[in-house]
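Chemist:
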Amino acid sequence: MLAVSVAVTAVSFALGFPFFFLFLVIPLIPFFGKPPAARRCPVCGWETTGGERFCPYDGTPLAPEGGYGEVQER
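Residue numbers (numbering that gives the first Met the number 0): 0 to 73.
#1: Does DSSP put PRO17 in a helix, in a strand, or in coil?
#2: Could you tell me whether the region 25 to 41 touches the region 52 to 64, where touching means 3 or more Cβ pairs closer than 8 Å?
#3: Under a three-way DSSP split, which group does THR8 fall into?
This is the structure in structure tokens:
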């Protein structure tokens with residue numbers, strides 16, 4: 000992430016853009032990544048994109064989106 004920020008700074012400076020415009024771009028860098036994968040409880044259907052590994056309602060291990068053993072479409 001830091002390397003991307005430094006690269007954007009160097010390229011923008013070389014192209015003659017004012018340095019303060021970079022402070023408007025740098026906070027947007029995290030939005031360019033891919034969204035986190037959703038996980039679903041196979042028992043109750045509760046969904047999350049957070050770091051939870053177990054369902055908070057019934058304690059079941061969360062399955063990745065599409066479930067275990069199913070082929071996910073891209």
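Ideal Cβ positions, reconstructed from N, Cα and C, are used throughout, including at glycine.
Modeler: This is what the structure gives:
#1: Numbered from its first residue, the sequence shown carries residue 17 at position 18. Collapsing the DSSP output to three states places PRO17 in coil.
#2: These segments touch.
#3: Translated into positions along the sequence shown, residue 8 becomes position 9. In the three-state reduction of the DSSP assignment, THR8 falls in the helix class.
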